[in-house]
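Enquirer:
Protein chains: 2
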Amino acid sequence: MNSPKARRKGAAVTTPAVSSRDLPHPETAQIRLESVLHALSDPMRLRIVRELAADGDELSCSYFDLPVTKSTTTHHFRVLRESGVIRQVYRGTAKMNGLRRDDLDGLFPGLLDALLDAADRQAAQVRDLGDG
Amino acid sequence: MNSPKARRKGAAVTTPAVSSRDLPHPETAQIRLESVLHALSDPMRLRIVRELAADGDELSCSYFDLPVTKSTTTHHFRVLRESGVIRQVYRGTAKMNGLRRDDLDGLFPGLLDALLDAADRQAAQVRDLGDG
DNA sequence: GCCGTACTACGATGGCTATCGTACAAGGCA
DNA sequence: TGCCTTGTACGATAGCCATCGTAGTACGGC
Chain V
3 MNSPKARRKG
13 AAVTTPAVSS
23 RDLPHPETAQ
33 IRLESVLHAL
43 SDPMRLRIVR
53 ELAADGDELS
63 CSYFDLPVTK
73 STTTHHFRVL
83 RESGVIRQVY
93 RGTAKMNGLR
103 RDDLDGLFPG
113 LLDALLDAAD
123 RQAAQVRDLG
133 DG
Chain Y
3 MNSPKARRKG
13 AAVTTPAVSS
23 RDLPHPETAQ
33 IRLESVLHAL
43 SDPMRLRIVR
53 ELAADGDELS
63 CSYFDLPVTK
73 STTTHHFRVL
83 RESGVIRQVY
93 RGTAKMNGLR
103 RDDLDGLFPG
113 LLDALLDAAD
123 RQAAQVRDLG
133 DG
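Which chain is which? The protein sequence lines are V and Y, in order.
Position 97 of the first sequence, counting from 1, maps to 99 under the numbering used here, and the rest follow consecutively.
Position 43 of the second sequence, counting from 1, maps to 45 under the numbering used here, and the rest follow consecutively.
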């Protein structure tokens, strides 16, 4: 609810908008552990982060095939961005998403890897139970 | 809302109550990563877990001096217990709380240490900012 | 048996949030 | 220019949740 629509309403944009469509990200020092944990405590968002980590670099929003509507998907990506977990940037019509791995590793060394490993282990366990 | 009051209402207790006051804990295999993260995403609960980890073993609920009422404290301890982060047991009138470190380390190796380290780093950073 | 301490259960409340549908904007392409 | 794809904003809704106050239970000591 910040830059894109605010401009149309004639409101003054405080942050210097380099591009016409840039998104607010928290600075590295402003990332809060509680917010990161809250962001990752949702199954849908944890799934997004796992796919981002698995695929490596940047993925568009449309890459993900989540069992929710596009509105909800947008919401989840915003939560991840505002908590500092991912970085979002427009590339044409697509919106590319990338893990803020360097920032997180600098703030909380080992945390992201431990979280991803934990998620992998839980997924493997659930898979085994499903197989019987 | 399970064992303590249910007995008075004459309902059948499914779980074999060894003591008159025992508390429902999730089994180790039932602990879900999302629930753990959600439990730790609350500042009050993260603080409780940090104190438990710092002090080592078991601490009573009254040991903690939290800026909330006792009702709310009870609520937070229950969330931590039901998510599998802590184990609670009555000892006389006191209720002792202990981290389920072995269970969590077995499920998610390195996760708890990474989380505690991250919380320590953030606390140190906030402290530095406060000192100016 | 009675009281104090420790903690809980219950109900209420206000705020957050995950979800949806609809309408709309921005960029690429024919 | 007009259309399609991609993604957003907005409003609504239902459920969860952190918090409180009050009343009550359980245990230990007097």
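Ideal Cβ placement from N, Cα and C applies to all residues, glycine included.
#1: Based on the DSSP secondary-structure assignment, which residues constitute the bridge partners of Met98 of chain Y?
#2: CB-CB under 7 Å to Arg102 of chain V, same chain, minus the five flanking residues each way: which ones, in chain order?
#3: Taking the alpha helix (DSSP H) that Glu84 of chain V belongs to, which residues open and close that run?
#4: Determine whether the beta carbon atoms of Ser62 of chain V and Ala96 of chain V lie at a separation below 8 Å.
#5: Would you decide whether Thr16 of chain V is buried or exposed? Buried here means 16 or more other CB atoms lie within 10 Å of its CB.
#6: Please state whether the Cβ-Cβ distance between Ser43 of chain V and His27 of chain Y is less than 8 Å.
#7: Do Glu36 of chain V and Leu48 of chain Y have their CB atoms nearer than 8 Å?
#8: Quick one: does Ala116 of chain V have its CB under 8 Å from some CB of chain Y?
#9: Under 8 Å by Cβ, that's how I've got Glu53 of chain Y and Phe66 of chain Y pegged, so tell me the actual separation to the nearest angstrom.
#10: Over what stretch of residues does the alpha helix (DSSP H) that includes Ile33 of chain V continue unbroken?
#11: Can you find a C-beta in chain Y that's less than 8 Å from the C-beta of Phe66 of chain V?
Expert: Quick answer:
#1: Along the second sequence, read from residue 1 onward, the residue named residue 98 of chain Y stands at position 96. Secondary-structure assignment with DSSP links Met98 of chain Y through a beta bridge to Y:Ser62 and Y:Val91.
#2: Position 100 of the first sequence, counted from the first residue, corresponds to residue 102 of chain V. A distance below 7 Å between beta-carbons, with the five flanking residues on each side excluded, links Arg102 of chain V to the following residues of its chain, in chain order: Gly86, Val87, Ile88 and Arg89.
#3: Within the first sequence, numbered from 1, the residue matching residue 84 of chain V stands at position 82. DSSP places Glu84 of chain V in the uninterrupted alpha helix (DSSP H) bounded by Lys72 to Glu84.
#4: As a first step, residue 62 of chain V is located in the first sequence; it is residue number 60 there, counting from the start. As a first step, residue 96 of chain V is located in the first sequence; it is residue number 94 there, counting from the start. Yes, these two residues count as a Cβ contact at 8 Å.
#5: Within the first sequence, the letter at position 14 stands for residue 16 of chain V. Any answer about Thr16 of chain V is weak, because its pLDDT of 32 lies below 50 and its placement is not dependable; what the coordinates show is given next. By the neighbour-count criterion, in which 16 or more other beta carbons inside 10 Å mark a residue as buried, Thr16 of chain V falls on the exposed side.
#6: Counting from one through the first sequence, the residue named residue 43 of chain V turns up at place 41. Counting from one through the second sequence, the residue named residue 27 of chain Y turns up at place 25. It is not a contact, given that the beta carbons lie outside the stated cut-off.
#7: To locate residue 36 of chain V, count along the first sequence from 1; it is residue 34. To locate residue 48 of chain Y, count along the second sequence from 1; it is residue 46. In contact: Glu36 of chain V and Leu48 of chain Y (Cβ atoms closer than 8 Å).
#8: Here residue 116 of chain V refers to the residue found at position 114 of the first sequence. Chain Y, which has a Cβ nearer than 8 Å to the Cβ of Ala116 of chain V, makes this yes.
#9: Sequence index remark: in the second sequence, residue 53 of chain Y carries index 51 (1-based). Sequence index remark: in the second sequence, residue 66 of chain Y carries index 64 (1-based). The beta carbons of Glu53 of chain Y and Phe66 of chain Y sit about 7 Å from each other, so the pair counts as a contact at 8 Å.
#10: Walking along the first sequence from the start, residue 33 of chain V turns up at place 31. It is not in any alpha helix (DSSP H) - Ile33 of chain V carries neither H nor E in the DSSP assignment.
#11: The sequence position of residue 66 of chain V within the first sequence is 64, counting from 1. No, because no Cβ of chain Y sits closer than 8 Å to the Cβ of Phe66 of chain V.
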